[in-house]
Structure formats: C-alpha cells, structure tokens
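See structure below.
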Amino acid sequence: MDTTLKEYVIELVKEKGKITFAEFMEIALYHPKYGYYQKENPFGMQGSFYTSVDASESFGRTLAKGFERAIKELDLAPMLCEMGAGSGMLANDILNYYKSESDKFYNDLKYIIIEKSKYLIEMQKELLSKHQGKVEWISFDELDNFEGIFFSNELVDAFPVHRVININGNLKELYVIYYDNKLQYYPEEFSTADLKEYFERLCIKLVDKQIADINLDAVKWIKSLGRKVDKGLVITIDYGFDAKNLYAPFRMDGTVTCYFKHTQNNDFFERIGYQDITAFVDFSALMEYGKEAGLNVVNFEPQWVFLLQSGILDEIKKAKSDLHRARVKSLIIPEGGFGTNFNVLIQSKNVDIPDNFVYNIKSYKIFDKLSKNLM
Ligand SMILES: C[S@@+](CC[C@H](N)C(=O)[O-])C[C@H]1O[C@@H](n2cnc3c(N)ncnc32)[C@H](O)[C@@H]1O
C-alpha cells in the first residue's frame, strides 16, 4: 500500500504543530491525487462499503417515483439536483426509470449533479453517457435560484468533522499531532468559535470523557443551500439522528469511524487514503440552521417510512427473483440492513405542502400496508 499520503500528513503536522481532525479527514478523503474518493472506485463489492444504491436499483426507482409525484403535487419545475453522486448509479437508476416508465417526464426533466471528486465525475459521465444531454455537472458555487428537488444520499456523512471531548467539565477539541513517532490526538482549545456556538445552539451536553463529532461543514452547507433554493424541496438521506440521540451518554466515543474492504475499524491514522472515514449526521443541526435560510421541515422520518411513502412496495411485488425481493426488503426492514440508523430529512422552501402530500402519508396506513406486504 502506497504511503505517500500518510507521509504528506506527517510532514504537514510537523510543520504546523497540529491540525484539526476535520483537516485530517478532508485530506484523507479528498486530497486531489491521493484522497480516498479521488483514485479508485470505493463503492460496491470491490470497494469499502455498500450504500442503498448498491443494494438494489429499486432504491433509485422508488426515489424517482416519489420525486415525480412531489414535483407534480407541488407544481415545481421538473428539475432534480443530486449532490455527492458517487458512482453515478443512483442517477442512472432514476433516469432509466423515467425513460422506461414516464416518457414525458423524462423529456421535460433536467438533472444536475454536484460532485467534488474529479475521479468520480469521470466515472459518472461514462455511466450516464446514454442519457447524454440530460445531465449537467456544475459546482456547488454555481447552483443558484434553484427550483425543483435537491437531494443527496450519504453525502453529509462524508463531510469532515471536528472532534470535541469533555475533560473534567471543559470542552476541548482533539487535534492531530505527531508525537513519539506516530500520529495521535491531543486536546486543546477550540480551533473556531463556531464549535462553541454549535454546542450552545443545539444544547449539547457531554458527560466526562465523552467525545462528540461536530460537522461544521454541514452547517455551512445547509445555510448556503437554503439561500440557493428559490422554490422546492431539499431531501437529505443519511445515517444519523437528532442531536439528543446522537450525543446521548452511551455514545462515549463519538460516531466517526472507518471502513476498509467492508470492515469497520477506528484506526484513523492507518491506511490513510485507502479507507473511508465517515460520521453519523446530526439532523437537528440541518433543521436548526436550515431554518435560518428559509428551509422549513416537512418531515424527519426513518428511511423505510420514506421509501414506503415513495412506493417501494410495488418494487417488492414486481421483483423478478427471490434475491431481488430480499435486496429490496433490506432497504425497509426496520431492524437490520438499511432500515436501521438511516433517516430522511425533507425540507421545503416557498411551497405550500398539501395534506395528502406524498411524503405526508400517515404512518398507521404504512404499518398496515407493510405488514401485508412483508409477510
Ligand atoms: C458516501 S459517498 C455516497 C455516494 C452516493 N450518493 C451513494 O449513495 O452511493 C459520498 C459522495 O459525496 C461526494 N462528496 C463529498 N463531499 C462533497 C462536496 N462537498 N461536494 C460534492 N460532493 C461531495 C463524494 O465524492 C462521494 O461521491
């Protein structure tokens, strides 16, 4: 395994004395040449992890159905913007669905992708070549006056986080230092006043020695996104919880972790650039800071409920094989697979949400349908 990136980090830390964990994570994942997301396909069997997209094309087909209904019900421009599109498979599944099942919608639709990794942009362009002319790649800065549905799957968990620890009642930030010939943590004062503000705003209390992973990029992102959306929905799908649950005292070590070839580990300073680093999303922060930028919460719900609302049961009924059916079920079975820990936040701007809105269906109806269809 090439150690160029590890050597780069060590030199940087020696030169600066210390760097924040967020700086470290940014380099490990997104260094333009050696970062984890910049050089080889991290997804699926050959990579380090699976997302719902890899589980089944039914995930994308189901999202597509829900989006089409939402756009029609809210009378929005037929525009989808996906941020953090990974291999491009989700975009491909969504566009394939429209092309085969909803010709007129496909023709009217404009699909925008915002992706940070140059390597992945090339992969996406290749996979989506049959939808040429339909997809446009832009940077986040270029997004403006957006109308339609802006969505992401497992984007925010890939933003760098700051690590904060409570030591005898004092909150300190964990920096990365080089000491005793190795990279390790060292607690010191916060690198930015934004961390203090975050703790106060979200009323986070840590017990002694508890660590919390704080995603300040998510705050910047949702505030900026809210200003960029003129009219429509922002749908964020990811693993994570509200702040109360996320920073509960039983989570002493925070939630940031690594995945290497489908195995979880906490050896952050090993295999730098060869393993994924990710942390659970604080959905309370997205709701709280989103409000500042005009984003109203429509719903915050488990992924399995969201997929039921979007029509995933049709996919189970239509499944061509037992394996396909099992994969679709893995997306919605509440305990296990993608049913656990995955949640969806739906925010809106400048739209009135009707009572019978697609993402509003009352859960008692869903339980009824679910029990009939999962048996
Ligand atoms: C965990 S992957 C998820 C990929 C895909 N959505 C899926 O579900 O399979 C995170 C994706 O977000 C992208 N990403 C991370 N930070 C980003 C940013 N600031 N702007 C755009 N894309 C970003 C990564 O390059 C990668 O494509």
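The numbering of the sequence shown is this note's numbering, which starts it at 1 and goes up by one.
Built from N, CA and C at the ideal position, the CB exists for glycine as well.
Since the structure is predicted, the reported quantities are computational estimates derived from the model, not experimental observations.
C-alpha gap between residue i and residue j, whole angstroms
i	j	result
residue 340	residue 278	16 angstroms
residue 16	residue 26	16 angstroms
residue 271	residue 42	14 angstroms
residue 75	residue 86	29 angstroms
residue 306	residue 159	23 angstroms
residue 252	residue 212	8 angstroms
residue 70	residue 99	18 angstroms
residue 449	residue 161	This structure leaves residue 449 out entirely; the chain is present only between 1 and 375.
residue 344	residue 63	12 angstroms
residue 170	residue 204	13 angstroms
residue 163	residue 217	13 angstroms
residue 8	residue 50	29 angstroms
residue 105	residue 346	22 angstroms
residue 200	residue 151	28 angstroms
residue 126	residue 180	46 angstroms
residue 88	residue 94	10 angstroms
residue 229	residue 145	6 angstroms
residue 255	residue 214	10 angstroms
residue 149	residue 111	10 angstroms
residue 3	residue 65	45 angstroms
residue 47	residue 264	13 angstroms
residue 24	residue 116	17 angstroms
residue 21	residue 192	13 angstroms
residue 231	residue 351	6 angstroms
Own chain partners of residue i with C-beta closer than 8 angstroms, once the 5 adjacent residues on each side are dropped
i	result
residue 219	194, 198, 285, 289
residue 188	18, 172, 173, 175
residue 375	With a pLDDT of 47 at residue 375, under the threshold of 50, the modelled position of that residue is not reliable, and the figure given next carries that caveat. Cβ within range, chain order: n/a, list empty.
residue 182	269
residue 239	154, 157, 280, 281, 341, 342, 343
residue 92	60, 127, 128, 131
residue 300	242, 283, 287, 343, 344, 345, 346
residue 223	289, 290, 292, 293
residue 123	41, 87, 88
residue 119	37, 38, 39, 40
Residue i: CB within 8 angstroms of a non-hydrogen atom of ligand 2
i	result
residue 102	Within the structure as shown, ligand 2 is missing, the only ligands being ligand 1.
Neighbourhood of residue i by C-beta, 6 angstroms cutoff - its chain only, sequence neighbours within 5 removed
i	result
residue 14	178
residue 185	174
residue 353	298
residue 348	233, 296, 298
residue 241	none
residue 304	332, 334, 339
residue 294	226, 349
Chain-order list of residues whose beta-carbon lies under 7 angstroms from that of residue i (same chain, five-residue window excluded)
i	result
residue 114	81, 83, 138, 139, 140, 143
residue 196	190
residue 29	35, 36, 37, 158, 277
residue 328	56, 58, 312, 315, 316, 319
residue 166	206, 207, 208, 209, 210
residue 168	208
residue 73	354, 357, 358
residue 325	316, 319
residue 273	5, 28, 31, 34, 35, 36
residue 266	257, 258
residue 45	none
residue 52	59, 153, 331, 338
residue 1	271, 274
residue 97	60, 61, 64
residue 108	78
Cβ of residue i within 9 angstroms of any chain D Cβ
i	result
residue 252	Note that chain D does not occur in the displayed structure, where there is just one protein chain.
### Task
Output the residue ranges of the alpha helix (DSSP H) runs that lie fully inside the region 36 to 123 and measure 4 residues or longer, sorted by chain position.
52 to 55, 57 to 74, 89 to 101, 103 to 108
#### Entry: Contiguous alpha helix (DSSP H) assignments of at least 4 residues, all confined to the region 236 to 281
243 to 246
### Query
Is the region 56 to 63 touching the region 19 to 37 in the sense that three or more CB pairs, one from each, lie closer than 8 angstroms?
no
### Task
Counting only runs of 3+ residues fully inside the region 144 to 232, write out the beta strand (DSSP E) ranges in chain order.
146 to 153, 162 to 167, 170 to 179, 182 to 188, 211 to 214
### Message
Ignoring anything shorter than 3 residues, give me the beta strand (DSSP E) runs that lie fully in the region 289 to 362, in order along the chain.
### Response
296 to 302, 342 to 349
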